[in-house]
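Participant: Using the numbering used here, you'd call the opening residue of the sequence shown number 101 and step up by one each time.
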Amino acid sequence: MPQARTLRALSLLLLCLLLVGLCGFSAYRIGQRLGIAELQATGLHRLEIYAGSLEREISKYAFLPGTLSLEQEVLDVLAGKVDRRTRERVNAYLEKLNERAGTLSIYIMDTQGRVLATSNWRRPDSFLGEDLSFRPYFKDALVSGSGRFFGIGTTRSEPGYYLATALTGDKGTLGVAVTKVSLEQLEKSWATVEAPVFVADENGVVILSAVPGWKFTALRGLDDATRANFERTQQYNRRPLPPLGLQQLATYEGGTRLVRIATTRPETVSVYPVSGRFLEQSRALPGTPWTLTVLSQLEQVDELAQSRAALAAIAAACLCMLGIIVNERRRHLRDRLAAREELQRAHDQLERKVEERTADLSTANQQLQDEVGERIRAERTLRAAQDELVQAGKLAVIGQLSAGIAHELNQPLAALRTLSANAGKFLERGDVDTTRTNLGRIAEMVDRMGRISGQLRTFARKSSGQSAEVPLCRALDNALALLESRLRRAGAVVERSCPSEDPVALCDANRLEQVLVNLIGNALDAMAGQPQPRLEVGWECSETQVRLHVRDHGPGLSDEAAAHLFEPFFTTKAAGDGLGLGLAISAGIVRDFGGHLHGANHPDGGAVFTLELPLAARHD
Ligand code: ADP
Numbered sequence: 101m102p103q104a105r106t107l108r109a110l111s112l113l114l115l116c117l118l119l120v121g122l123c124g125f126s127a128y129r130i131g132q133r134l135g136i137a138e139l140q141a142t143g144l145h146r147l148e149i150y151a152g153s154l155e156r157e158i159s160k161y162a163f164l165p166g167t168l169s170l171e172q173e174v175l176d177v178l179a180g181k182v183d184r185r186t187r188e189r190v191n192a193y194l195e196k197l198n199e200r201a202g203t204l205s206i207y208i209m210d211t212q213g214r215v216l217a218t219s220n221w222r223r224p225d226s227f228l229g230e231d232l233s234f235r236p237y238f239k240d241a242l243v244s245g246s247g248r249f250f251g252i253g254t255t256r257s258e259p260g261y262y263l264a265t266a267l268t269g270d271k272g273t274l275g276v277a278v279t280k281v282s283l284e285q286l287e288k289s290w291a292t293v294e295a296p297v298f299v300a301d302e303n304g305v306v307i308l309s310a311v312p313g314w315k316f317t318a319l320r321g322l323d324d325a326t327r328a329n330f331e332r333t334q335q336y337n338r339r340p341l342p343p344l345g346l347q348q349l350a351t352y353e354g355g356t357r358l359v360r361i362a363t364t365r366p367e368t369v370s371v372y373p374v375s376g377r378f379l380e381q382s383r384a385l386p387g388t389p390w391t392l393t394v395l396s397q398l399e400q401v402d403e404l405a406q407s408r409a410a411l412a413a414i415a416a417a418c419l420c421m422l423g424i425i426v427n428e429r430r431r432h433l434r435d436r437l438a439a440r441e442e443l444q445r446a447h448d449q450l451e452r453k454v455e456e457r458t459a460d461l462s463t464a465n466q467q468l469q470d471e472v473g474e475r476i477r478a479e480r481t482l483r484a485a486q487d488e489l490v491q492a493g494k495l496a497v498i499g500q501l502s503a504g505i506a507h508e509l510n511q512p513l514a515a516l517r518t519l520s521a522n523a524g525k526f527l528e529r530g531d532v533d534t535t536r537t538n539l540g541r542i543a544e545m546v547d548r549m550g551r552i553s554g555q556l557r558t559f560a561r562k563s564s565g566q567s568a569e570v571p572l573c574r575a576l577d578n579a580l581a582l583l584e585s586r587l588r589r590a591g592a593v594v595e596r597s598c599p600s601e602d603p604v605a606l607c608d609a610n611r612l613e614q615v616l617v618n619l620i621g622n623a624l625d626a627m628a629g630q631p632q633p634r635l636e637v638g639w640e641c642s643e644t645q646v647r648l649h650v651r652d653h654g655p656g657l658s659d660e661a662a663a664h665l666f667e668p669f670f671t672t673k674a675a676g677d678g679l680g681l682g683l684a685i686s687a688g689i690v691r692d693f694g695g696h697l698h699g700a701n702h703p704d705g706g707a708v709f710t711l712e713l714p715l716a717a718r719h720d
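1. Please work out which residues of its chain come closer than 6 Å, Cβ to Cβ, to V604, disregarding the five sequence neighbours upstream and downstream, and give them in chain order.
2. Looking at the ligand ADP, does it come within less than 7 Å of G680, judged from the CB to the closest heavy atom?
3. If you follow the beta strand (DSSP E) that Y262 is in, where does it begin and where does it stop?
4. Tell me, please, which residues DSSP counts as bridged to C607.
5. Could you compute how far the alpha carbon of V426 sits from the alpha carbon of L114?
6. With respect to the alpha helix (DSSP H) encompassing Y193, which residues constitute its N-terminal and C-terminal limits?
7. Can you find a heavy atom of the ligand ADP that lies under 7 Å from the Cβ of D704?
8. I'd like to check one pair, A318 with P342: are the Cβ atoms closer than 8 Å?
9. Do T218 and V299 have their beta-carbon atoms positioned less than 8 Å apart in this structure?
10. Cβ of K673 within 8 Å of Cβ of D625?
11. Less than 8 Å between the beta carbons of E155 and P386, yes or no?
12. Should the stretch 588–595 be regarded as contacting the stretch 669–688, the criterion being three or more beta carbon pairs within less than 8 Å?
13. Under the DSSP definition of a beta bridge, which residues are partnered with I361?
14. Check whether the stretch 614–623 touches the stretch 648–658, taking contact to mean three or more Cβ pairs, one atom from each stretch, closer than 8 Å.
15. Does the ligand ADP have a heavy atom nearer than 7 Å to the CB of P599?
16. Any heavy atom of the ligand ADP closer than 7 Å to the CB of N618?
17. In terms of residue numbering, what span does the beta strand (DSSP E) encompassing Q397 cover?
18. Quick one: what's got a C-beta closer than 6 Å to L583's C-beta in the same chain, skipping five residues either side?
19. Using the rule of at least 16 other Cβ atoms within 10 Å of the residue's Cβ for burial, across every protein chain shown, is L263 buried or exposed?
20. Considering only their Cβ atoms, is the gap separating Y372 from E294 smaller than 8 Å?
21. Taking one C-beta from the stretch 304–318 and one from the stretch 211–229 each time, how about it: are there three or more such pairs within less than 8 Å?
22. Who are S382's beta bridge partners in DSSP?
23. Tell me whether F670, by its Cβ, gets closer than 7 Å to a heavy atom of the ligand ADP.
24. Using the Cβ count rule (16 or more neighbours within 10 Å means buried), how would you classify T106?
25. Output the residue ranges of the alpha helix (DSSP H) runs that lie fully inside the stretch 628–682 and measure 4 residues or longer, sorted by chain position.
26. Can you name, in chain order, every residue of its own chain whose Cβ lies under 8 Å from the Cβ of H447, other than the five neighbours on each side?
27. Excluding sequence positions up to five away, which residues of its chain have a Cβ less than 7 Å from the Cβ of Q347?
28. Specify, as a first and last residue, the run of the beta strand (DSSP E) that T218 falls within.
29. Output yes or no for whether 8 Å exceeds the beta carbon distance between L697 and A687.
30. Within a Cβ cutoff of 7 Å, which residues of the same chain sit near L489, ignoring the five residues on either side of it in sequence?
31. Return the residue from the list C641, V215 and L576 that minimises the CA-CA distance to S600.
32. Which same chain residues, not among the five before or five after L527, have their C-beta less than 6 Å away from its C-beta?
33. Mark L216 as exposed unless 16 or more other C-beta atoms lie within 10 angstroms of its C-beta, in which case mark it buried.
34. Helix or strand or just coil, what does DSSP make of V305?
35. Between which two residues does the beta strand (DSSP E) containing D210 stretch?
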């Protein structure tokens, strides 16, 4: 999950960067286009201004050579019919005219190209008499009537613009008049312009330039034939004409070009950069084979476009940031909403579960209560049944004892009748002593009978079910007393060892006696037929419990009896002798006391039943 999040953030960042870059780039391109369009408009304007001024400068002198034909003496000189003085006058006239017009020189040539008169006739470097027939302007004037030519003077190496006009007389062309105009002034005025401007002639050689270093450089490569022609016409007076180093980068509509000028000449001194990228705009100058070119710096356009691009990029970045923040906020809100919903769902689920569990619990609780009620009812029924059973067991014992008891009571009753009859006779005789003795024996017998019936009553009584502190030796005495007649009849010997201190258990005395009667009764049954049955009752005491052993010397427990000893209705006795309930009831009673009853065979023969009971806490 965190990995997917990082990936999402990365792609978002990349997207933003892309967007910022795209905006910046687009703004740069648009800015550049707008800037170039602006530059183009300005350049065009400048082009018009400079072309106009140049045209005016040239046209100012265009008429001058032609006006010489108005001077008869000039025509005479050309016709060759003048003397030396006339020639001097013409020379002086040309000199004065040159001075007034402010041109470089004015001269006339015959049809052979020889200079016949010139304004500089007085100067030592005067070209008076020189043959200038090689100059193209001369040839052009002869052919077409006029010639224009930019060139460097052969004598003074002075660059200038030659305006030539053929002078005609009655007999046709007499010669050619030439005015050499300097464009230096114009060039100087260009020095203050804000961007380079230059004029290239028909050969692509820069002849006028606002940048002095560019003058007499070639815009295009010059082949050998061209250079040979220059040599012949001495147009540039053997200047080397190095290349300007102008390289075209792109072309725009309207003949505008994007160019780069790579080299900066060391001699170049300018207020504006003369190398780098420029927007080039050119136009032909009417009446000349020249081309006027203005260059506009792209640096400012670039800078403006760059700042616009930077602005656009910053704006895009801000927008992206805003977008990211808004998006993050929305996502955060969405997450919170989802978390809240999830929480609500979990809460609802929990509540539902709690309700379900509560319902389950109450159902379970109800079931448990029902079960407990059921158990309590069952236990009550069981206890009642058990009580009934105990009572039944007791009655069974009493039934078993009844024959012996009847015998026990019959005997004293018979004796009582005899004694009472005798007592009457002795009283009649006046034998008071014997009568008293008889009455004493009667009282003893009644007491004994009362004891027997009392014991029976106590045994038969329904127990209260309440626990109390019961001295165990006394309980054993009571049980033995109950069985006394049986024991006597059987001739049984009871060997009992009583502990020094009578152990006291917390139980119900009546029921405990019932258990002991049952155990002793079973032992007597097992030893029935023996001439002198021997019964051993022993004790073992610890801090917390007492163990009472009832051992007989009978046949012991059979395997079957050992397996089903405490099961109700298990008996090996003949019908009427046993119900098979004695041990089952006894075990239940002892368990109620918190004790334990178990039977086993003694290693030396006979069965031994052990009764374990918890001792009552001592009150010292
Ligand atoms: P009942 O005496 O009515 O048969 P009890 O539950 O008291 O019922 O005894 C179950 C059976 O256990 C007896 O029938 C007898 O087989 C066996 N039994 C009990 N005590 C002894 C004993 N001391 N020696 C041998 N067998 C015994």
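Backbone N, C-alpha and C define an ideal beta-carbon position, used for all residues, glycine too. This structure is a prediction, so every number in the text was calculated from the model and none was measured.
Facilitator: According to the structure data:
1. Here the set comprises E569, P571 and A716.
2. At a cut-off of 7 Å, the beta-carbon of G680 counts as near the ligand ADP: some heavy atom of the ligand is closer than that.
3. Under the DSSP assignment, Y262 falls in the beta strand (DSSP E) whose first and last residues are P259 to G269.
4. A568, per the DSSP bridge assignment.
5. Rounded to whole angstroms, the gap between the alpha carbons of V426 and L114 is 18 Å.
6. For Y193, the enclosing alpha helix (DSSP H) has its first and last residue at R184 to A201.
7. When distances are taken from the beta-carbon of D704 to the heavy atoms of the ligand ADP, even the shortest one reaches 7 Å or more.
8. Remark: C-beta atoms of P342 and A318 approach each other more closely than 8 Å.
9. The criterion of a C-beta distance shorter than 8 Å is not satisfied by V299 and T218.
10. Inclusion of K673 and D625 in the CB contact set at 8 Å is warranted, their separation being smaller than that value.
11. Cβ atoms of E155 and P386: closer than 8 Å.
12. With a cut-off of 8 Å on Cβ pairs, the stretch 588–595 is not in contact with the stretch 669–688, counting fewer than three such pairs.
13. Looking at the DSSP assignment, I361 forms a beta bridge with L346 and G376.
14. A contact between stretches requires three or more CB pairs, one per stretch, nearer than 8 Å, and the stretch 614–623 meets this requirement with the stretch 648–658.
15. Every heavy atom of the ligand ADP is 7 Å or more from the Cβ of P599, so no.
16. Annotation for N618 indicates a beta carbon within 7 Å of some heavy atom of the ligand ADP.
17. Here the beta strand (DSSP E) through Q397 covers T391 to Q397.
18. Taking C-beta separations shorter than 6 Å and ignoring five residues to either side along the sequence, the partners of L583 in its chain run I620, following chain order.
19. Taking every protein chain shown into account, the CB of L263 has 16 or more other CB atoms within 10 angstroms, so this residue is buried.
20. Contact flag set, yes.
21. Touching, no.
22. Answer is T393, bridged to S382.
23. Answer for F670: yes, Cβ within range of the ligand ADP.
24. The residue is exposed, with fewer than 16 neighbouring Cβ atoms inside 10 Å.
25. Fully enclosed alpha helix (DSSP H) runs of 4 or longer: 659–664.
26. Result list for H447: empty, nothing under 8 Å.
27. Around Q347: V359, R360 and A362.
28. Going by DSSP, T218 is part of the beta strand (DSSP E) stretching over V215 to T218.
29. Yes, they are a contact pair.
30. Once the five neighbours on either side are set aside, the close Cβ partners of L489 are L681 and I685.
31. Closest option to S600, Cα to Cα, is C641.
32. Cβ within range, chain order: T535.
33. Under this definition L216 is a buried residue.
34. Reduced to three states, the DSSP call for V305 is strand.
35. That run of the beta strand (DSSP E) goes S205 to D210.
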